[in-house]
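Asks:
2 protein chains.
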Amino acid sequence: MSLVIQKYGGTSVAGVEDIRRVAARVAECARAGNSVAVVVSARGKTTDELLATAHELSPSPPKRELDMLMTIGEQESIALLAITLNAMAVPAVSLTGAQVGILTDQEHGKAKVQTVATERIRKELDNGHVVVVAGFQGVTLENEITTLGRGGSDATAVALAAVLRADVCEIYSDVDGVYTADPRVVEHARKIPVITYDEMMELASLGAQVLQNRAVQFAKRYSVPLHVRSSFNNTEGTMVVENYENMEEIFVSGAALDEDEVKMTLRGVPDEPGIAARVFGAIAEKNINVDMIVQNVSDEGKTDVTFTVSNDDLSDAKRLTEEISSDIGAEGVHFDSGVAKISVVGVGMRSHSGVAQKMFQALADNGVNIQMISTSEIKISCLIGEDTGKKALKAVHDAFGLGGKQA
Amino acid sequence: MSLVIQKYGGTSVAGVEDIRRVAARVAECARAGNSVAVVVSARGKTTDELLATAHELSPSPPKRELDMLMTIGEQESIALLAITLNAMAVPAVSLTGAQVGILTDQEHGKAKVQTVATERIRKELDNGHVVVVAGFQGVTLENEITTLGRGGSDATAVALAAVLRADVCEIYSDVDGVYTADPRVVEHARKIPVITYDEMMELASLGAQVLQNRAVQFAKRYSVPLHVRSSFNNTEGTMVVENYENMEEIFVSGAALDEDEVKMTLRGVPDEPGIAARVFGAIAEKNINVDMIVQNVSDEGKTDVTFTVSNDDLSDAKRLTEEISSDIGAEGVHFDSGVAKISVVGVGMRSHSGVAQKMFQALADNGVNIQMISTSEIKISCLIGEDTGKKALKAVHDAFGLGGKQA
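Each protein sequence line maps, in turn, to chains A and B. Letter 347 of the first sequence, counting from 1, is numbered 347 in the working numbering, and no numbers are missing. Letter 253 of the second sequence, counting from 1, is numbered 1253 in the working numbering, and no numbers are missing.
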């Protein structure tokens, strides 16, 4: 008997018929003799609608109260799925994050999971129940309700799979796997059958919105095998694993475009030791994730420091960066949200030279100007103008022969 | 400084503008220097919509899962009201039933409050916060989410007022007080300025749906002064108190119609000692409230036992009564949901004779046939055909001169 964790996204449980389809799939897995725990997100547009109402009532709703509001979306989903499973004669019980015991820190809106209790879930599984768990939510030691931030339901699923030592964690959504590029932009993008945690993490953080980065990190740390697949069909999706055969032969696995970044530049920063640490220390303290960082060469004792953050953090980051600017005696701050980040990812890159050059050439040939460059062992990213993003993605995808037709 | 508990019903927080109006009223009370705890129900039709979706997915959803589903309605309301209050610069914090510590038994769908913790609320009030509490919901010792049953938000408000020793518990809804009869049926019904707990309890249980019976019982036991009023205007409503001046002069305070009853008859029951105890013991065990009970005189060692239950309990009561019928060797069970109960209530009744006769005469004069009669010290109820209900209410209201114009 296997223990299977399944996670269904919001579009998979949007309508009554969708919930029935998900329930049928869960029932099939349970009837095959598996122990099953299911993690679900809020239905369809629920979260967006709740947010819109909150903003109608307040320009800046307290994050604690937003978490109180948002978490009802998942609570609705788990109750309705448990009701449907019971109607199909599959004994099921729904549990909120608090009831499971998903303990987080107090960072409302993007809390981090600290521990996950297993007692209650184990008891229900041992009693032959399918356990339906609310994704995205947790609870602090003081019994305050928190949310795990964007894509937090993936984190919930992987955390459960890790503490319960599940045999597989299946991530269901409306896409049937990880692609060499976003198929909505690049027509002949190809589904990747197997990919490493490292590659997946780079792709996730780079805008291939299939799986949340944190969830993949967690899966890597606890060696949880992930299966990314569609809830609308039965085709095999993408397996995410530690490593696979012939890793070095495929030197670029995929290309991704992230249009959700903002470029912030601190101008005329005094070029002294410790300045970067002060700037990014203050930003980290506020739990704002910085992505790319570039510091230009010094000119007459002054330098420009440029970095990118997510659009979500813009207002916080803006206020903070302006404070920092005057603290450190910089000349001012400049913001630009008209940017996009284009990246290629592949573990094989480590042992192949010329990948960066090939990417830059493809962008140049298509008239795409590069504003910033950042590289890691398995990734190369370029910040470009937002209006050239889609063109750049197609160009890079073609240049590395990632498409189904060229392969 | 006074401690005020305010409770707002679902229609008071239905739309965004309604929530703003309620917030303004709460803010006014807080700015006047009072400590304020607010209890809110689910918005408008939310509960009905959630129930409808649940029933689309299952013919008989498990009660535990229905509670999981229903409680999101109040959680939405408290978050939105707290967000609005904070936007008005009134520091406010929302709390679920579980966070307050409203401990109940395990009877999902109609749980009874066992204890209410005061620590968390006191802490928030001491910090100068308005506390916004989710009505209708509680939590068991095992951390299971429960609901208190119909009108449970009133029970939440009164329980809080009792444990916090509040100066007043204001119950806001879309009606501005308790009337001598339902103004939608009886045009010249009159608002009652002051009424006793006992009268209010009889009126509540008899279908004047302004306040839940249990809430009034609780208020009486802990001497919580209730003020029933409208959230749409500032007029004084009805005060519910232990007693008032000249109580005996007003011998009938109001008349009520309950169209939500079902009549059940056990036919041919063996006329032996202990039969009634067995029948109603079994029903009470299942937590089904029986209202009127009538046993006819015995005929050849057999008798008929008739009683009424709420429509909500019909399917449970039906199954159970059929079991009981075969257990005790009765001849069968007969159901009739085409009935209504007409009642008059008044503490003055104790010292006035002829009230019953006057009521029966009024019904007779209007061609209303009486099927069952039941009386208490301060109430007379008659079960009649549902189609004659509204006519009967008007007739009785007129006969006792309860209307504004006759008074």
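Just so you know, even glycine gets a beta-carbon here, dropped at the ideal spot from N, CA and C.
1) Mind checking whether Ile-378 of chain A and Glu-242 of chain A have CB atoms under 8 Å apart?
2) When the Cα atoms are used, what is the spatial distance from Phe-1232 of chain B to Lys-1007 of chain B?
3) Decide if the region 1019-1033 of chain B is in contact with the region 1082-1102 of chain B; the criterion is three or more beta carbon pairs, one per stretch, under 8 Å apart.
4) Output needed for Asn-310 of chain A: all residues of its chain with C-beta closer than 7 Å, excluding positions within five of it in sequence on either side, in chain order.
5) Determine, for Lys-1405 of chain B, whether the minimum Cβ-Cβ distance to residues of chain A falls below 8 Å.
6) What residues in its chain sit with their C-beta under 8 Å from that of Val-1090 of chain B, if we drop five residues either side in the sequence?
7) Spell out a yes or no on whether the region 56-65 of chain A and the region 39-48 of chain A are touching, meaning 3 or more CB-CB pairs, one atom from each, closer than 8 Å.
8) Less than 8 Å between the beta carbons of Ser-153 of chain A and Ile-192 of chain A, yes or no?
9) Mind listing the chain A neighbours of Val-1130 of chain B? Cutoff is C-beta to C-beta under 7 Å, in chain order.
10) Does the region 1367-1382 of chain B come close enough to the region 1217-1237 of chain B to have 3 or more Cβ pairs within less than 8 Å?
11) Going by beta-carbon coordinates alone, are Gly-1109 of chain B and Asp-1067 of chain B separated by less than 8 Å?
12) Quick one: measure Cβ to Cβ for Asp-291 of chain A and Leu-266 of chain A, integer angstroms, because I've assumed they're closer than 8 Å.
13) Under a CB-based cut-off of 8 Å, is Asn-1127 of chain B close to chain A?
14) Starting from the C-beta of Ala-1356 of chain B, find all residues in its chain whose C-beta is less than 6 Å away, skip the five residues before and the five after it, and write them out in chain order.
15) Can you give me the C-alpha to C-alpha distance between Thr-1071 of chain B and Ile-293 of chain A, rounded to a whole angstrom?
16) Mind checking if Glu-56 of chain A is an interface residue toward chain B, Cβ cutoff 8 Å exclusive?
17) So the alpha helix (DSSP H) Phe-280 of chain A belongs to, where does it begin and stop?
18) Does the pairing of the region 1132-1139 of chain B with the region 1094-1107 of chain B give three or more beta-carbon distances under 8 Å?
19) Which bits of chain A does Ser-1094 of chain B rub up against, with CB to CB less than 7 Å?
20) Measure from the C-beta of Ala-1117 of chain B to each C-beta in chain A and report whether the shortest distance is under 8 Å.
21) Is it true that the CB of Leu-1402 of chain B sits closer than 8 Å to the CB of Cys-1382 of chain B?
22) Which residues in chain B sit within 9 Å of Ile-121 of chain A, going by Cβ to Cβ distance?
23) Let me know if Gln-361 of chain A comes out buried or exposed under the rule of 16 or more other beta-carbons within 10 Å of its beta-carbon.
24) Output, in chain order, the set of chain B residues within a Cβ distance shorter than 8 Å of Thr-53 of chain A.
25) Going by C-alpha to C-alpha distance, which of B:Gly-1138, B:Ile-1145 and B:Asn-1143 sits closest to Ala-1157 of chain B?
26) What residue range does the alpha helix (DSSP H) around Val-93 of chain A cover?
27) Under a Cβ-count criterion, where at least 16 other Cβ atoms within 10 Å of its own Cβ denotes burial, should Tyr-1244 of chain B be classed as buried or exposed?
28) Return no unless some Cβ of chain E is closer than 8 Å to the Cβ of Pro-1183 of chain B.
29) Give, in chain order, every residue of the region 218-246 of chain A whose Cβ lies closer than 8 Å to some Cβ of chain B.
30) Step through the CB atoms of chain B and report whether any lies within less than 8 Å of the CB of Ile-328 of chain A.
31) List in chain order: all unbroken alpha helix (DSSP H) runs of 4+ residues lying wholly within the region 1086-1134 of chain B.
32) I think Asp-1198 of chain B touches Val-1347 of chain B, with their Cβ atoms under 8 Å apart; what is that distance to the nearest whole Å?
33) Quick check on DSSP: helix, strand or coil for Phe-1360 of chain B?
34) Can you pull the chain A neighbours of Ala-1087 of chain B, defined as C-beta to C-beta under 9 Å?
35) Buried or exposed, going by whether 16 or more other CB atoms sit within 10 Å of the CB of Lys-405 of chain A?
36) At a Cβ threshold of 8 Å, is Glu-76 of chain A touching chain B?
Replies: Short version:
1) Your numbering for residue 378 of chain A matches position 378 in the first sequence. Your numbering for residue 242 of chain A matches position 242 in the first sequence. Result no, Cβ atoms of Ile-378 of chain A and Glu-242 of chain A do not sit closer than 8 Å.
2) By one-based count along the second sequence, residue 1232 of chain B stands at place 232. By one-based count along the second sequence, residue 1007 of chain B stands at place 7. C-alpha separation (whole angstroms): 13 Å.
3) yes
4) Sequence index remark: in the first sequence, residue 310 of chain A carries index 310 (1-based). The sequence shown places Ser at residue 310 of chain A, rather than the Asn named in the question. If we look at Ser-310 of chain A and ignore the five residues flanking it on each side, its Cβ neighbours are Asp-260, Glu-261 and Asn-289.
5) The count along the second sequence starts at 1 and reaches residue 1405 of chain B at position 405. Confidence is the limiting factor: at Lys-1405 of chain B the pLDDT is only 48, short of 50, which leaves the residue's position unreliable and the question unanswerable from this model.
6) Locating residue 1090 of chain B in the second sequence gives position 90, counting from the first residue. Answer for Val-1090 of chain B: Ala-1023, Val-1026, Ala-1027, Ala-1030, Arg-1031 and Val-1130, listed in chain order.
7) no
8) As a working mapping, residue 153 of chain A is identified with position 153 in the first sequence. As a working mapping, residue 192 of chain A is identified with position 192 in the first sequence. No; because the gap between Cβ atoms is not below 8 Å, this pair is not in contact.
9) Your numbering for residue 1130 of chain B matches position 130 in the second sequence. Near Val-1130 of chain B there are no residues of chain A at all, since even the closest Cβ is about 12 Å away, more than 7 Å.
10) no
11) Within the second sequence, numbered from 1, the residue matching residue 1109 of chain B stands at position 109. Within the second sequence, numbered from 1, the residue matching residue 1067 of chain B stands at position 67. Yes, they are a contact pair.
12) In the first sequence, counting from the first residue as 1, residue 291 of chain A sits at position 291. In the first sequence, counting from the first residue as 1, residue 266 of chain A sits at position 266. Actually they are not in contact, since the Cβ atoms of Asp-291 of chain A and Leu-266 of chain A sit about 16 Å apart, beyond 8 Å.
13) The residue given as residue 1127 of chain B occupies position 127 in the second sequence. Asn-1127 of chain B does not count as touching chain A.
14) Along the second sequence, read from residue 1 onward, the residue named residue 1356 of chain B stands at position 356. Here the set comprises Ile-1380.
15) Looking up residue 1071 of chain B in the second sequence gives position 71. Looking up residue 293 of chain A in the first sequence gives position 293. Taking the straight line joining both Cα atoms gives about 46 Å.
16) Position 56 of the first sequence, counted from the start, is the residue given in the question as residue 56 of chain A. Yes, contact with chain B.
17) Locating residue 280 of chain A in the first sequence gives position 280, counting from the first residue. Residues 275-285.
18) yes
19) In the second sequence, the residue the question calls residue 1094 of chain B occupies position 94. The contacting residues are Glu-65 and Met-68.
20) For the purposes of this step, residue 1117 of chain B is taken as the residue at position 117 of the second sequence. Judged by the 8 Å Cβ criterion, Ala-1117 of chain B is not in contact with chain A.
21) Taking the first residue of the second sequence as 1, we reach residue 1382 of chain B at position 382. Taking the first residue of the second sequence as 1, we reach residue 1402 of chain B at position 402. No, these two residues do not count as a Cβ contact at 8 Å.
22) On the first sequence, residue 121 of chain A is found 121 positions in, with the first residue counted as 1. Residues of chain B passing the Cβ test: none, with the nearest at roughly 13 Å.
23) Counted from its first residue, the first sequence places residue 361 of chain A at position 361. The residue is exposed, with fewer than 16 neighbouring Cβ atoms inside 10 Å.
24) For the purposes of this step, residue 53 of chain A is taken as residue 53 along the first sequence, with counting starting at 1. What Thr-53 of chain A touches in chain B: Val-1016 and Leu-1080.
25) In the second sequence, residue 1157 of chain B corresponds to position 157, counting from 1. Out of B:Gly-1138, B:Ile-1145 and B:Asn-1143, B:Gly-1138 has the C-alpha closest to the C-alpha of Ala-1157 of chain B.
26) Indexing the first sequence from 1 puts residue 93 of chain A at position 93. Element bounds for Val-93 of chain A: not the alpha helix (DSSP H) but the beta strand (DSSP E), 92-95.
27) Walking along the second sequence from the start, residue 1244 of chain B turns up at place 244. So Tyr-1244 of chain B ends up on the exposed side.
28) Looking for chain E here will not work: the only protein chains present are A and B.
29) none
30) Locating residue 328 of chain A in the first sequence gives position 328, counting from the first residue. Chain B contact via Cβ: absent.
31) 1097-1100 and 1119-1126
32) Translated into the one-based positions of the second sequence, residue 1198 of chain B becomes position 198. Translated into the one-based positions of the second sequence, residue 1347 of chain B becomes position 347. The pair is a contact, with the Cβ atoms about 6 Å apart (cut-off 8 Å).
33) Here residue 1360 of chain B refers to the residue found at position 360 of the second sequence. Note: Phe-1360 of chain B maps to helix in three-state DSSP.
34) Taking the second sequence and counting its residues from 1, the one referred to as residue 1087 of chain B is at position 87. Ordered by position in chain A, the residues that pass the 9 Å Cβ test against Ala-1087 of chain B are Leu-57, Ser-58, Pro-59, Ser-60 and Pro-61.
35) Your numbering for residue 405 of chain A matches position 405 in the first sequence. With a pLDDT of 48 at Lys-405 of chain A, under the threshold of 50, the modelled position of that residue is not reliable, and the figure given next carries that caveat. It counts as exposed.
36) Here residue 76 of chain A is taken as the residue at index 76 of the first sequence, counted from 1. So, interface residue.
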